[in-house]
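Using our numbering, read the sequence shown as starting at 300 and increasing by one per residue. Glycine residues also receive a C-beta, built at the ideal position from the N, C-alpha and C atoms. Encoded as structure tokens, the structure appears first; notes follow it.
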Amino acid sequence: MFIFIGEEKFKDHVFKIVMQLPVCLIFSFMIDTATLFLSLIMPESAPYFLKWILVISGTAMLALAVAFSFTASVAMVPGEYFIKIFHPIVKKSFSYVKTFFDVFLVSSAVILSLFLTGFTEIEGVREGTVFAALCTGPMVHYFIPRCARIIPYLKSRI
């Protein structure tokens, strides 16, 4: 619905929308593979600080990947593409809208979890999830200008 509000025509978005399927499949495969790999090398009883190091480094890598895909204007996962379409409509920066969207999704997950558990507990959302929701947007904001300086250099090499 928001595609029709922006300056670009629907036909300009068709390829990017279709490309979201393979991007989602690859992204999902990589998440599953990383989860399996980490479960094999890191025991459940790993120190709490080590888990935080993984959360922070994972959030930073995700933010860098989002900044690169936004700057290069390539196919994105649907959530990021929605933000890319929506942020000019509300006249806010991509990273600001990303933070709002991530917080909205985490809040929705908390509400659904409470509802589905009979308001007894929150499943699937802990402090690492909240950290990622609050910090990915600001990290993307930090990385976007740096990625923008790299992209012309990469294009001249191709």
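Measure the alpha-carbon distance for phenylalanine 314 versus valine 376 and round it to whole angstroms. 13 Å
Look up arginine 448 in the DSSP assignment and say whether it is helix, strand or coil. helix
Where does proline 346 sit, in a helix, a strand or coil, going by DSSP? coil
Using a C-beta cutoff of 8 Å, does isoleucine 382 count as contacting chain B? Of the protein chains in this structure there is only one, and it is not chain B.
On a Cα-Cα basis, can you pick out the residue from Ile340, Glu426 and Lys383 that is closest to phenylalanine 400? Lys383
Residue closest to proline 379, alpha-carbon to alpha-carbon, out of Val389, Ser407, Ala366 and Lys390: Inspection of the sequence shows that residue 379 is occupied by glutamate rather than by proline. Minimum Cα distance to glutamate 379 is reached at Ala366.
For serine 458 versus histidine 440, is the C-beta spacing smaller than 8 Å? With the chain covering 300 to 457 only, the question about residue 458 has no answer from this structure.
Start and end of the alpha helix (DSSP H) containing alanine 408? Here the alpha helix (DSSP H) through alanine 408 covers 393 to 415.
What are the boundary residues of the alpha helix (DSSP H) that methionine 329 is part of? The continuous alpha helix (DSSP H) containing methionine 329 extends over residues 319 to 340.
Taking only the alpha-carbon atoms, compute the straight-line gap between phenylalanine 348 and glycine 417 and give it to the nearest angstrom. 32 Å
Can you tell me the Cβ-Cβ gap for threonine 398 and proline 437, rounded? I've got them flagged as a contact below 8 Å. 7 Å
The alpha helix (DSSP H) that contains phenylalanine 385, what's its start and end? 377 to 389
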